[in-house]
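Some notes on the structure that comes next.
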Amino acid sequence: MGTAPTLVAPPLVAAPQPRVPLPGASAPGFVFGACRVGSAAPPKFGDPTGCGRWPSSRGGPQPDASSSAPCRFQKHVHTYRILPDDEDFLAVQTSQGVQVRRFKTLGELIALYLQPNQGLVCTLLFAVEREKEKESAEDRDYSGTRGGPSYPPPTLGVSVPAGAGAVTPTLLLPCRWRGREAPPAPATNGLTSISHEYLKGSYTLDLEAVRAGASSLPHLNKTLVTSCKRLHSEVDKVLAGLEILSKVFDQQSSPMVSKILQQVPTVPTALGWQGGALKALQEMSSATPAPPAQPLSRKAKSIPVQTFEVKLDVTLGDLTKIGKSQKYTLSVDVEGGKLVVLKKQKDSQEDWNTFTHDKIRQLIKSQRVQNKLGIVFEKEKDKTQRKDFVFVSARKREAFCQLLQLMKNKHSHQDEPDMISIFIGTWNMGSVPPPKSITSWFTSKGLGKTLDEVTVSIPHDIYVFGTQENSTGDKEWVDFLRAVLKDFTEIEYRPVAMQSLWNIKVVVLVKPEHENRISHVSTSSVKTGIANTLGNKGAVGVSFMFNGTSFGFVNCHLTSGNEKTARRNQNYLDILRLLSLGDKQLSSFDISLRFTHLFWFGDLNYRLDMDIQEILNYISRKEFEPLLKVDQLNLEKEKHKVFLRFAEEEITFPPTYRYERGSRDTYVWHKQKPTGVRTNVPSWCDRILWKSYPETHVNCNAYGCTDDIMTSDHSPVFGSFEVGVTSQFVSKKGLSKSSEQAYIEFESIEAIVKTASRTKFFIEFYSTCLEEFKKSFENDSQSSDNINFLKVQWSSRQLPTLKPILSEIEYLQDQHLLLTVKSLDGYESYGECVIALKSMIGSTAQQFLTYLAHRGEETGNIRGSMKVRVPAERMGTRERLYGELGGGVWGGFWGWGGGGGGRAPGGEWLRAMGLERYEQGLLHNGWDDLEFLSDITEEDLEEAGVLDPGHKRVLLESLQLRK
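Note that UniProt numbering has the sequence shown beginning at 1, numbered continuously upward.
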């Protein structure tokens, strides 16, 4: 019958109309159960009872066909229709099969339902005089896109405890409604009436007296004396009324003031309440200069309730049980802090649940289905339930998420972070259990770039531990890490994921406060041992979303041996290609492009190509620069064979391998193997690298190794990072209109791809700011100056205009486009790249140029002209914790045309394009500033050591674009 599911007794016989949830129902002390009878005008904004006004039955006319009895109970208004039959008898509409009670007059009907247990959710309480003026249709204030009206939460409502009287009174301060004062509820005992009179009139006189310096409350004293004279056998009622006054003063006090007045056990102490009430009024007077007794009015810019039609996403098994997908309505009440989930059933019946803002734990956006959203609700303590809903479109989903985040922001005191700290550690444990204390590892203490003593004790938001040759059990290892962190930080870190492959393990732990910000957790592993079938070598990975930012973490153990550089390179490429992490829709992109931030660490096993004695001499003198020049990883990176455009913090600590166990003073470079003696020169085998999208924020605060953990022949390596993150964006200007749509427009794109084929190509565009990926038409021109390369071009006619789901500049500045160039004949990707929208925002087109890469290999470059057109109404921004431009290795988006965020130094410019190897040569030849670099010639580049024709062309084209 659509009744409140929490009601146990009495059983309902009347059939209420669909209930209207009260957004303000959770206001302190609000009473549910007051019921009025009469003409069924809808409840109005500003009506403090939430039930509207209804004509009284005293001598009034008989009700018409729309008469009803609304009852407020259990946070909802239940409306019972009162209908006349053929003989003009009146009856409350009932469910089928329930006996109908008939009445000659409305007064008789009211008299019966004033008694308990008559079939309504609660007894009727009182009637209201009929309005003299009929409200015009224009005065009605409905909220939301569908459904009934919305109700603002009352400013002050007070209830008495259950059991204080047979009928529960409703007490409210005077309130303006449609320009008129709303009538107070009739008193049910003498004290309640006196309380009304005091709060309605004398209360303001006492407050004014306090402001004038009075040291007593004469009107409150008079009220208390008068009330106490009536005690006699009505002590319980009097105490209930006194508690009303205590709660009124407590609610009006500053939030910092503790509860001033308590329920008193004896009558003599009632007069002592004057002191507490005086204190409350004095603090109110000093804290709030403006008189509080001003008429209440609805805020002009309050956000109306918004309603979304959705379907419950169910599995195939559930679908066979319920017959078909279920339709729901989600109503977001931002002002009231509630989400109402309404389930539509047969016969126009409805069932719903109301969730306050603090019971909505998490929103999980589906990456595969753009209009699907998972909502995690808190059902009981430490118990949650997830429901997945399918919206009409991705735009509707985004609008819903905006409103829900706005609601949580409005009612929560906790802001979403712009920046988090991440600890990353890698350690080859040498198949030996860890020592009892590993504090120096996760506090970044030891050698190299370490944290300042002041910041060492500050816990990180996320800890990521990568280990190799770790013989400890998975659960035992996680428990050990959580225990050592708790001992140091006194925080119970929560495990996000643990992935292992033989003795290669990665563990991600997060602060409890961030647990519900993490979603889309994925894990994977790749074997690269003998014949790629053994797991003694390989990689494990974890990926997840932190609010709106995607993270990937890869821990690897590559092939060992000084001479196995090529094999290690192949290990890297296999992992890059086969590790299944992140959004599966981005299958055209390897994992180096799937995440906002990707961290890759482990025992990479790259060695130093230098005589052992020379290495030891440099180490003893702490001269690391000559050694880093012969580091195999650095050399392979410069050749673009591995870790294309990955970054690594400067190494200022000694090689971490191969130490004598139990010591950190001696390297042992001879190792006895079954095949003979093997030489292992001291090397930086253990590394931490990262790759981030352009124009994002990443800063490495620490990179070093411990010097007091000696159980293994490797020293643990640590890295501490400051990383910018984005939250669910909330528009400050409300939902955008169609006239306020932003557009991403391309004037032209030119790509040079590595291929001998002369087929046609097209471009696919991916982004979280798009409802779905988009495709261009085939290129309209192409040419070739080299048999191994093809230049393909698209004019504006062949390129799509992209429409972001949100149009705010603040939102778009955080977004990126992923592009993949594919052939028409086989739909194979010939190169991918990422573009930051931030530098492209403006009314004029901006130039861009970047590399194309595929499966870890550089395959060409791409350039073009584009702009992100944002409507003027959506141009507002806010400050971030981390400045305008981040330190990503992409170094911006080559936005030289006016929106690129300023000129970068020459070194940054080279590093951004992955050509940092030429920095020293250019500096040596005097090319140390981009102002002068703009005049450089091909001959100048050759003198500086730039001999590769492709690199010369890219550098010159980039400088030409800057002009």
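Even glycine gets a Cβ: it sits at the ideal position worked out from N, Cα and C.
- Contact holds between the region 547-560 and the region 491-507, because three or more Cβ pairs, one in each stretch, are under 8 Å apart.
- Between Trp-669 and Pro-655, the CB-CB gap reaches or exceeds 8 Å.
- In this structure Thr-549 does not touch Ala-702 by the C-beta definition: roughly 21 Å separates them, more than the 8 Å allowed.
- In the DSSP secondary-structure assignment, Val-540 is bridged to Ser-525, Asn-555.
- In the three-state reduction of the DSSP assignment, Ser-440 falls in the helix class.
- Segment contact: the region 744-754 against the region 794-813, three or more CB-CB distances shorter than 8 Å; contact assigned.
- In the DSSP secondary-structure assignment, Val-792 is bridged to Ala-751, Gln-782.
- As for any beta strand (DSSP E) of minimum length 3 sitting wholly inside the region 809-862, the runs are 816-823, 829-836, 846-854, ordered along the chain.
- Fully enclosed alpha helix (DSSP H) runs of no fewer than 4 residues occupy 394-411, 439-442, 453-456 of the region 374-459, in order along the chain.
- For the options Ile-491, Arg-482, Pro-434, the alpha carbon positioned closest to that of Ile-458 is the one of Ile-491.
- Inclusion of Gln-306 and Leu-403 in the CB contact set at 8 Å is warranted, their separation being smaller than that value.
- DSSP places His-714 outside both helix and strand once states are collapsed to three, so it counts as coil.
- Only buried fits Pro-694, as 16 or more other CB atoms lie within 10 angstroms of its CB.
- Assignment of Leu-83 by DSSP, reduced to helix, strand and coil, places it in the strand class.
- Counting along the chain, no alpha helix (DSSP H) covers Phe-646, and no H or E run does either.
- Contact between His-460 and His-411 is ruled out by a C-beta separation of about 29 Å, above the 8 Å threshold.
- Contact fails between the region 751-765 and the region 620-640, because fewer than three Cβ pairs, one in each stretch, are under 8 Å apart.
- Pairing Cys-705 with Ser-715 gives a Cβ-Cβ distance under 8 Å.
- Excluding residues up to 5 positions away in sequence, Leu-90, Phe-103 lie with their Cβ nearer than 6 Å to the Cβ of Leu-109 in the same chain.
- Segment contact: the region 390-400 against the region 424-436, fewer than three CB-CB distances shorter than 8 Å; contact not assigned.
- Contact between His-520 and Ile-619 does not hold, since their C-beta atoms are separated by about 44 Å, which reaches or exceeds 8 Å.
- Close CB contacts of Gln-345 within its chain, under the 8 Å cut and outside five residues either way in sequence, are with Asp-351 (chain order).
- Taking the Cα of Glu-857 as reference, the smallest distance to any Cα among Lys-641, Asn-516, Glu-938 is reached at Lys-641.
- Secondary-structure assignment with DSSP links Phe-355 through a beta bridge to Leu-339.
- Ile-530 counts as exposed, since fewer than 16 other beta carbons sit within 10 angstroms of its beta carbon.
- Annotation: the continuous beta strand (DSSP E) that includes Arg-687 extends over 686-692.
- Excluding its 5 nearest sequence neighbours in each direction, Tyr-493 has C-beta neighbours in its own chain below 6 Å: Arg-482, Leu-485, Leu-509, listed in chain order.
- Residues of the same chain with a CB within less than 7 Å of the CB of Arg-758, apart from the 5 flanking positions on each side, are Leu-790 in chain order.
- By the C-beta density criterion, Tyr-606 is buried, having at least 16 other C-beta atoms within 10 angstroms.
- A direct Cα-to-Cα measurement between Glu-943 and Asn-571 gives close to 36 Å.
- A residue is called buried once 16 or more other Cβ atoms fall within 10 Å of its Cβ, and Glu-808 is buried on that count.
- Counting other Cβ atoms within 10 Å of its Cβ, Leu-199 reaches 16 or more and is therefore classed as buried.
- Contact check for Ala-742 against Val-870 passes: the beta carbons are separated by less than 8 Å.
- Ser-393 counts as exposed, since fewer than 16 other C-beta atoms from the protein chains shown sit within 10 angstroms of its C-beta.
- Distance from the CA atom of Gly-535 to the CA atom of Leu-812, rounded to whole angstroms, is 43 Å.
- Bounds of the alpha helix (DSSP H) holding Leu-627 are 625-628.
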